[in-house]
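Q: Residue 84 is where the sequence shown starts when you use the numbering used here, and the numbers rise one by one after that.
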Amino acid sequence: MKKNYRWGIMGAGKIADKFCTALMATEGAEVYAVASRDRDKAKDYAVRYNAVATYNNYEDLVKDQNVDIIYIATPHSFHHEQTLLCLQHNKPVLCEKPMSLSTKQTTEMIAAAAEKKLFLMEGMWMACMPFIEKILSLIKEDAIGQPQYVHADFGFTAPFDPVGRLFKKALGGGSVLDVGIYPIFLATIIFGKPSLIQSVSKLTTTGVDEYANMVLQYPGGQTAHLLSSISFNTALEAEIIGTKGRIKIDNPCFKATDFTLILNDSTSEHFSMPHQSNGFEHQIKEVMHCLDNGLLQSSKVPHQLTITVSKIMEEVLKQAGVVY
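1. Under the assumption that I345 contacts G362 (Cβ atoms under 8 Å), give the Cβ distance between them as a whole number of angstroms.
2. Spatial neighbours of E352 within its chain, please: C-beta separation below 8 Å, excluding the five flanking residues on both sides.
3. CB-CB under 7 Å to D333, same chain, minus the five flanking residues each way: which ones, in chain order?
4. Which first and last residues belong to the beta strand (DSSP E) in which L254 is found?
5. Extract the residue ranges of the alpha helix (DSSP H) inside the region 181-217, only unbroken runs of 4 or more that lie entirely within it.
6. What whole-angstrom Cβ distance do I313 and L249 have, given they're in contact under 8 Å?
7. Between the beta-carbon of G325 and the beta-carbon of P230, is there less than 8 Å?
8. Any chance you could list the alpha helix (DSSP H) runs of at least 4 consecutive residues sitting entirely within the region 90-162, in chain order?
9. Alpha carbon to alpha carbon, how far is L254 from F161? Give it in angstroms, no decimals.
10. Taking the straight line between their C-alpha atoms, what separation do you get for T391 and N316?
11. Consult DSSP for T391 and reduce its assignment to one of helix, strand or coil.
12. Grouping DSSP H, G and I as helix and E and B as strand, with all else coil, what is M371?
13. Counting only the same chain and skipping the five closest in sequence on each side, list residues whose C-beta sits under 7 Å from that of D147.
14. Under a Cβ-count criterion, where at least 16 other Cβ atoms within 10 Å of its own Cβ denotes burial, should Q281 be classed as buried or exposed?
15. For Y407, does the three-state DSSP call read helix, strand or coil?
16. Can you tell me whether D292 is helix, strand or coil according to DSSP?
17. Considering only the beta carbon of each residue, do V370 and I152 sit closer than 8 Å?
18. Relative to the alpha-carbon of H308, which residue among V291, L286, I273, T289 has its alpha-carbon at the smallest distance?
19. Would you list the residues sitting across from S351 in a DSSP beta bridge?
20. Taking only the alpha-carbon atoms, compute the straight-line gap between E191 and A156 and give it to the nearest angstrom.
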């Protein structure tokens, strides 16, 4: 690490709490400033994470010359506006997933970062975890032959709250944007852009998707079966099946530490890769590595991958009758 990075945290909710916990455990990183429209929340974060500065508005955070990079941890519907605000004030950005509510917004954010020559990355923490790197390496080494099928699910039971983040359409609620992005991401890094997307969904009374049952087909004939839900629990597992064997990713597949390689002759090998903190430390290190080397995007979460996943989610939501 070439320098100590002073992070500015935009938003003081549950995800920011987990992120700051990982920041505290990561060498070369510090929680420097926290901004929340609720000043008491910002002050509480400052006490818990030794932040130097607190703000009750986001404009003052982006104007702080001591902040090296900003992590946006607000609801989905604010990501577009707030990322552009950060970039306008020459701040590199790690924006929590999903990058925005639409491919159009995401493209605008990426274009703005390119114009300003600033780093921008979607906060897909799963992409930066060691188990993903190892699985991609095994596939490249032909350990399971040619991948043919991916199954992945992410579902949980959320108490219905019509004004809460998960169910309010104005905040970008629904299962696809919140958790469906993980199975879609996994299938995309294995197979790329699908040629066919078919999805069946159920909507809540607030107009967001309660669940999405997705089948994707790819130009080479490969398929993926993906499921997301905020109304029932799923196994939180994933499997990648190839011509020579398969890889079974254990629960919780979106932040896995364990997976098993199972060959067609029934021989198997188990891999375990514990996190040093809570899993967020991997993307923190990836961001700081990129900043150290003057990169404008990460090879683990490149802009094109973010756009591809966004387009898939947009089509799934369109088929459900949800347009943000």
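Beta carbons are placed, not taken as given, at the ideal position from N, Cα and C, and that holds for glycine.
A: So, to answer that:
1. Not quite, the Cβ-Cβ distance comes to about 24 Å (not below 8 Å), so this is no contact.
2. Hits under 8 Å: T343, L344.
3. Once the five neighbours on either side are set aside, the close Cβ partners of D333 are E320, A339, D341, F342.
4. Run containing L254: none; DSSP gives neither H nor E here.
5. Considered as a whole, the region 181-217 harbours 186-199 as its complete alpha helix (DSSP H) runs of no fewer than 4 residues, in chain order.
6. I313 to L249, Cβ: 5 Å. Contact.
7. Yes, the pair counts as a contact, with Cβ atoms nearer than the cut-off.
8. The region 90-162 contains these whole alpha helix (DSSP H) runs: 97-107, 122-132, 141-146.
9. Their Cα atoms are separated by approximately 8 Å.
10. Roughly 27 Å separates the two Cα atoms.
11. For T391, the secondary structure class from DSSP, reduced to helix, strand or coil, is helix.
12. M371 carries a helical assignment under DSSP once its states are collapsed to helix, strand and coil.
13. Correct list, in chain order: G91, A116, A136.
14. Q281 should be labelled exposed.
15. For Y407, the secondary structure class from DSSP, reduced to helix, strand or coil, is coil.
16. In the structure shown, D292 sits in a strand (DSSP, three-state: E or B).
17. In this structure, I152 lies closer than 8 Å to V370 by Cβ.
18. Relative to H308, the option among V291, L286, I273, T289 whose CA is nearest is I273.
19. Beta-bridge pairing links S351 to I345.
20. A direct Cα-Cα distance of roughly 19 Å separates E191 from A156.
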